[in-house]
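Structure, as C-alpha cells:
Protein chains: 2
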Amino acid sequence: MKFTTRKKEIIFTAAKLFRKKGYSAVSMRDLAQALDMKAASLYNHINSKQEILSIIILEVAENFTQHIDSVLPQEASSIEKLESVIENHIKITVEKTDALACLNNDWMHLEQLALENYLQMRNTYEAKMRSIIEQGIKEKELKTANIELVLFSLLSTLRTLYLWYAKNRTVSIKLLTNEMKQNLLLGIIL
Amino acid sequence: MKFTTRKKEIIFTAAKLFRKKGYSAVSMRDLAQALDMKAASLYNHINSKQEILSIIILEVAENFTQHIDSVLPQEASSIEKLESVIENHIKITVEKTDALACLNNDWMHLEQLALENYLQMRNTYEAKMRSIIEQGIKEKELKTANIELVLFSLLSTLRTLYLWYAKNRTVSIKLLTNEMKQNLLLGIIL
DNA sequence: TAACAAAACTAACGATTGTTAGTTTAACTT
DNA sequence: AAGTTAAACTAACAATCGTTAGTTTTGTTA
Numbered sequence: 001m002k003f004t005t006r007k008k009e010i011i012f013t014a015a016k017l018f019r020k021k022g023y024s025a026v027s028m029r030d031l032a033q034a035l036d037m038k039a040a041s042l043y044n045h046i047n048s049k050q051e052i053l054s055i056i057i058l059e060v061a062e063n064f065t066q067h068i069d070s071v072l073p074q075e076a077s078s079i080e081k082l083e084s085v086i087e088n089h090i091k092i093t094v095e096k097t098d099a100l101a102c103l104n105n106d107w108m109h110l111e112q113l114a115l116e117n118y119l120q121m122r123n124t125y126e127a128k129m130r131s132i133i134e135q136g137i138k139e140k141e142l143k144t145a146n147i148e149l150v151l152f153s154l155l156s157t158l159r160t161l162y163l164w165y166a167k168n169r170t171v172s173i174k175l176l177t178n179e180m181k182q183n184l185l186l187g188i189i190l
Numbered sequence: 001m002k003f004t005t006r007k008k009e010i011i012f013t014a015a016k017l018f019r020k021k022g023y024s025a026v027s028m029r030d031l032a033q034a035l036d037m038k039a040a041s042l043y044n045h046i047n048s049k050q051e052i053l054s055i056i057i058l059e060v061a062e063n064f065t066q067h068i069d070s071v072l073p074q075e076a077s078s079i080e081k082l083e084s085v086i087e088n089h090i091k092i093t094v095e096k097t098d099a100l101a102c103l104n105n106d107w108m109h110l111e112q113l114a115l116e117n118y119l120q121m122r123n124t125y126e127a128k129m130r131s132i133i134e135q136g137i138k139e140k141e142l143k144t145a146n147i148e149l150v151l152f153s154l155l156s157t158l159r160t161l162y163l164w165y166a167k168n169r170t171v172s173i174k175l176l177t178n179e180m181k182q183n184l185l186l187g188i189i190l
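Chains as they are written, first to last, in the UniProt record's numbering: chain P, 1 to 190; chain E, 1 to 190.
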C-alpha cells in the first residue's frame with residue numbers, strides 16, 4: 001500500500017487493528033508498534049486515539065449517506081433501488097473492509113459530536129431504506145410484511161458481509177453481487 | 001430478577017455491561033459498581049474477568065450445539081430443519097439476548113482452551129448447517145446457489161437479530177418467527 | 001451465645017493506559 | 001553549507017487496569 005500522508009497510513013493501520021481486537025483492546029503502543037514507531041510519535045500526526053476512530057467511522061458513514069441520497073430521488077422501481085443499495089454495500093465491503101468493521105463494532109466508542117453525527121447519519125439512512133421498502137409494498141413489487149423486519153433482514157446481512165468476504169476474498173464481485181441479490185430479494189427456496 | 005447464587009448475578013450483570021460497551025471497555029470496577037459492591041469482592045465468587053467471559057459465551061455456544069445436534073439426525077426435509085434452526089436462534093435471541101451479543105462481539109477475547117472450545121463449536125455448527133443446505137439442494141428443495149453465501153445470508157441475520165429485538169421487545173415471538181422464515185427462506189419480492 | 005463460614009471491605013501491588021514535554025534526527029529549501 | 005521544518009525519539013505524568021493480601025462485617029448453625 002502506498003500512502004499520500006503518514007496520517008492516512010496511521011488511520012489505515014489503526015482500522016486493521018481495531019477490526020481484529022476492537023477499539024478498546026488496541027493501545028496506542030500496539031498501533032505504534034504495527035507502524036514500527038513509538039507511541040508518542042503518533043501525536044505528531046493525530047490529536048488523539050478518539051480522533052482516529054471518528055475519522056475511520058465517519059468517512060464510511062458518509063459514503064453510505066451519499067449513495068442513498070443519490071438513489072432515493074431516482075425514477076426507478078423499488079427493486080432497482082434496493083439492488084443499487086446492495087451493490088453499494090458490496091462495494092464498500094470490498095474496498096473498505098476494515099473501516100466498515102470498525103463502524104459496525106466500535107461506533108459506540110465514539111464521543112460527543114462524532115457520536116451524534118454517526119447516529120444521525122445511521123437513522124437517516126435507515127429511514128430512507130424504509131421509504132424504499134414502503135414504496136415497493138405500495139406499488140405491489142414487494143410482499144406485504146413487517147417493514148421493520150424486512151429492513152433488518154436486509155441490513156443485517158449487508159452490514160456483516162465483510163465477515164464472509166474476509167474469508168472468501170477470491171470470489172468475483174460480479175458473482176457476489178448476483179448471489180446476494182438472489183438470496184436477499186428472492187429467497188433461497190426453489 | 002432472582003438469582004440462585006451471587007456468581008450467577010455477577011455473570012448476568014457482566015453480560016449486560018459487556019454487551020453495551022464490549023469486554024475490553026468494561027473494568028472490574030465498572031462491574032462491581034453495577035452490583036453495588038467493590039471490585040475486590042467479586043473475587044470471592046469468580047476467579048478472573050476472563051472466566052466470566054468464557055462462562056457467558058460457552059454456555060450460549062453449547063445451546064446452539066445441542067440444538068443442531070438434535071435436528072441433524074431427524075427424518076425431516078431440509079426446509080423443516082432450517083425452520084427449526086431459525087426457531088432456535090429466535091429462542092436464544094429472546095431468552096439470552098445479552099449473552100448472545102457477547103458471543104457475537106467478544107469471542108475473540110477468549111483465551112486458550114476457551115477460545116479453542118468456542119471455535120471448534122462454531123466450526124462444527126457451520127458445517128452442520130452447510131450439510132442441511134446441501135441436502136436441500138440435492139433434494140431439489142432449495143435453489144442451486146453458492147452454498148457459502150446462502151449459509152452466510154441466513155446466519156448473519158439470525159446472529160444479529162438481537163440488535164433488532166432489543167428495540168422491538170414487544171413483538172410477539174410467533175409473529176417474529178413467521179416473518180423471519182418468510183424473509184429468509186422465501187425472500188421479500190412478491 | 002459462641003463458633004464458623006460466606007461475603008463484604010480497605011489498601012495496595014505492578015503493569016499498562018493515553019498523552020505531554022522536551023530533545024534529537026532526517027529531509028528539504030535557500 | 002546553512003537554515004528550516006517535519007517527524008522521529010526518550011522520559012515521564014497521572015489515571016486506571018486486573019488482581020492479591022489481609023481484615024471486618026454479616027448471617028447461619030451448634
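For glycine and all other residues, C-beta sits at the position ideal for the given N, C-alpha and C. Keep in mind it's a predicted model, so treat the numbers as computed, not measured.
### Query
Can you name, in chain order, every residue of its own chain whose Cβ lies under 6 Å from the Cβ of residue 78 of chain E, other than the five neighbours on each side?
Counting from 1 along the second sequence, the entry for residue 78 of chain E is found at position 78. Excluding sequence neighbours, residue 78 of chain E sits near 132, 135, 136, 141.
#### Entry: Every unbroken alpha helix (DSSP H) inside the segment 81-169 of chain P [4 residues or more]
Listed in chain order, they are 97-106, 112-138, 147-167.
### Message
For a cutoff of 8 Å on Cβ pairs, would you count residue 184 of chain E as touching chain P?
### Response
Working through the second sequence from its first residue, we reach residue 184 of chain E at position 184. Yes, contact with chain P.
#### Entry: CB contact flag (residue 6 of chain P, residue 67 of chain P, <8 Å)
Position 6 of the first sequence, counting from 1, holds the residue named residue 6 of chain P. Position 67 of the first sequence, counting from 1, holds the residue named residue 67 of chain P. Cβ distance not < 8 Å, so residue 6 of chain P and residue 67 of chain P don't count as in contact.
### alpha helix (DSSP H) segment containing residue 37 of chain E, residue limits
Along the second sequence, one-based indexing puts residue 37 of chain E at 37. It is not in any alpha helix (DSSP H) - residue 37 of chain E carries neither H nor E in the DSSP assignment.
### Task
Check whether the Cβ atoms of residue 52 of chain P and residue 14 of chain P lie closer than 8 Å to each other.
Residue numbering aside, residue 52 of chain P sits at position 52 when the first sequence is read from its first letter. Residue numbering aside, residue 14 of chain P sits at position 14 when the first sequence is read from its first letter. In this structure, residue 14 of chain P lies closer than 8 Å to residue 52 of chain P by Cβ.
### Message
Could you compute how far the alpha carbon of residue 85 of chain P sits from the alpha carbon of residue 174 of chain P?
### Response
Stepping through the first sequence from its first residue, residue 85 of chain P is reached at position 85. Stepping through the first sequence from its first residue, residue 174 of chain P is reached at position 174. If I take the Cα positions, the gap works out to 15 Å.
### Message
Below 8 Å on C-beta distance, what does residue 153 of chain P contact in chain E?
### Response
As a position in the first sequence, residue 153 of chain P is number 153, starting the count at 1. Neighbours of residue 153 of chain P on chain E, chain order: 157, 180, 183, 184, 188.
#### Entry: Contact residues within the UniProt domain "HTH tetR-type" (4-64) of chain P, judged by C-beta distance below 7 Å to chain E
Against chain E - using a Cβ distance shorter than 7 Å - the residues of the UniProt domain "HTH tetR-type" (4-64) of chain P are 21, 22, 24, 25.
### Message
Is there a C-beta anywhere in chain E that falls below 8 Å from the one on residue 164 of chain P?
### Response
What you label residue 164 of chain P is simply residue 164 of the first sequence in a count that begins at 1. At least one chain E Cβ lies under 8 Å of residue 164 of chain P.
### Query
Does any CB atom of chain P fall closer than 8 Å to the CB of residue 168 of chain E?
The residue given as residue 168 of chain E occupies position 168 in the second sequence. Among the CB atoms of chain P, one or more fall inside 8 Å of the CB of residue 168 of chain E.
#### Entry: Distance between residue 38 of chain E and residue 125 of chain P (C-alpha atoms, nearest Å)
Along the first sequence, read from residue 1 onward, the residue named residue 125 of chain P stands at position 125. Along the second sequence, read from residue 1 onward, the residue named residue 38 of chain E stands at position 38. So the alpha carbons of these two residues sit roughly 43 Å apart.
### Query
residue 148 of chain P versus chain E: which residues are under 8 Å apart at the beta carbon?
Counting from 1 along the first sequence, the entry for residue 148 of chain P is found at position 148. By Cβ distance, chain E contributes 164, 168.
### Message
Considering only their Cβ atoms, is the gap separating residue 61 of chain P from residue 121 of chain P smaller than 8 Å?
### Response
Start at 1 with the first residue of the first sequence, and residue 121 of chain P comes out as number 121. Start at 1 with the first residue of the first sequence, and residue 61 of chain P comes out as number 61. Yes; because the gap between Cβ atoms is below 8 Å, this pair is in contact.
### Buried or exposed (CB count within 10 angstroms, at least 16 for buried), residue 69 of chain P
Locating residue 69 of chain P in the first sequence gives position 69, where the first residue counts as 1. By the Cβ-count criterion, residue 69 of chain P is exposed, with fewer than 16 other Cβ atoms from all chains shown falling within 10 Å of its own Cβ.
### Task
Assess, as a yes-or-no matter, whether the segment 146-154 of chain E is touched by the segment 155-169 of chain P under the definition of 3 or more beta carbon pairs within less than 8 Å.
Contact annotation: the segment 155-169 of chain P touches the segment 146-154 of chain E, with at least three C-beta pairs closer than 8 Å.
#### Entry: Residue nearest to residue 18 of chain E in terms of C-alpha spacing, selected from P:184, P:180, P:109
Translated into the one-based positions of the second sequence, residue 18 of chain E becomes position 18. Closest option to residue 18 of chain E, Cα to Cα, is P:109.
### Query
Shortest alpha-carbon distance to residue 164 of chain E belongs to which of P:75, P:65, P:148, P:161?
Residue numbering aside, residue 164 of chain E sits at position 164 when the second sequence is read from its first letter. Closest by alpha carbon: P:148.
### Query
So is residue 144 of chain E buried or exposed if we call it buried at 16+ other beta carbons inside 10 Å?
Sequence index remark: in the second sequence, residue 144 of chain E carries index 144 (1-based). When all chains shown are included, residue 144 of chain E counts as exposed.
### Task
Verify whether the separation of the beta carbon atoms of residue 90 of chain E and residue 177 of chain E is less than 8 Å.
Numbered from 1 along the second sequence, position 90 holds the residue referred to as residue 90 of chain E. Numbered from 1 along the second sequence, position 177 holds the residue referred to as residue 177 of chain E. Going by C-beta atoms, residue 90 of chain E is nearer than 8 Å to residue 177 of chain E.
### Query
Which chain E residues are close to residue 160 of chain P, counting only those with a beta carbon under 7 Å from its beta carbon?
Taking the first sequence and counting its residues from 1, the one referred to as residue 160 of chain P is at position 160. Taking the beta carbon of residue 160 of chain P as reference, the chain E residues within 7 Å of it are 156, 160, listed in sequence order.
### Task
Spatial neighbours of residue 159 of chain E within its chain, please: CB distance less than 7 Å, with the 5 preceding and 5 following residues excluded, ordered by chain position.
Indexing the second sequence from 1 puts residue 159 of chain E at position 159. Within the same chain, 104 come within 7 Å of residue 159 of chain E by CB-CB distance, once the 5 residues on both sides are set aside.
### Query
Any residues in the segment 72-97 of chain P with a beta carbon nearer than 9 Å to a beta carbon of chain E? Which ones, in chain order?
Answer set for the segment 72-97 of chain P: 79, 82.
#### Entry: Extent of the continuous alpha helix (DSSP H) to which residue 67 of chain E belongs
The residue labelled residue 67 of chain E in the question sits at position 67 within the second sequence. Residues 49-71.
### Alpha-carbon to alpha-carbon, residue 100 of chain P and residue 99 of chain E
Within the second sequence, the letter at position 99 stands for residue 99 of chain E. Within the first sequence, the letter at position 100 stands for residue 100 of chain P. The alpha-carbon atoms of residue 99 of chain E and residue 100 of chain P are separated by roughly 24 Å.
### Query
Taking 8 Å as the CB-CB limit, is residue 129 of chain P close to chain E?
Along the first sequence, read from residue 1 onward, the residue named residue 129 of chain P stands at position 129. Cβ-Cβ to chain E under 8 Å: no for residue 129 of chain P.
### Message
Can you check whether the C-beta of residue 121 of chain E is within less than 8 Å of a C-beta belonging to chain P?
### Response
Indexing the second sequence from 1 puts residue 121 of chain E at position 121. Not closer than 8 Å to any Cβ of chain P, the Cβ of residue 121 of chain E fails to qualify, so no.
### Query
Within 10 angstroms of its Cβ, does residue 123 of chain P collect 16 or more other Cβ (buried), or is it exposed?
Residue mapping note: residue 123 of chain P aligns to position 123 of the first sequence, counting from 1. Around the beta carbon of residue 123 of chain P, fewer than 16 other beta carbons lie within 10 angstroms, which makes this residue exposed.
### Task
Determine, using beta carbons only, whether residue 22 of chain E and residue 48 of chain P come nearer to each other than 8 Å.
Mapped onto the second sequence, residue 22 of chain E falls at position 22. Mapped onto the first sequence, residue 48 of chain P falls at position 48. Cβ atoms of residue 22 of chain E and residue 48 of chain P: not closer than 8 Å.
### Message
Determine, for residue 109 of chain P, whether the minimum Cβ-Cβ distance to residues of chain E falls below 8 Å.
### Response
The residue labelled residue 109 of chain P in the question sits at position 109 within the first sequence. Interface with chain E (8 Å Cβ-Cβ cutoff): residue 109 of chain P is included.
### Query
Tell me which same chain residues have a C-beta within less than 7 Å of the C-beta of residue 181 of chain E, skipping the five on either side of it?
Stepping through the second sequence from its first residue, residue 181 of chain E is reached at position 181. Scanning its chain for C-beta atoms nearer than 7 Å, with the 5 sequence neighbours on each side dropped, one finds around residue 181 of chain E the residues 83, 86, in chain order.
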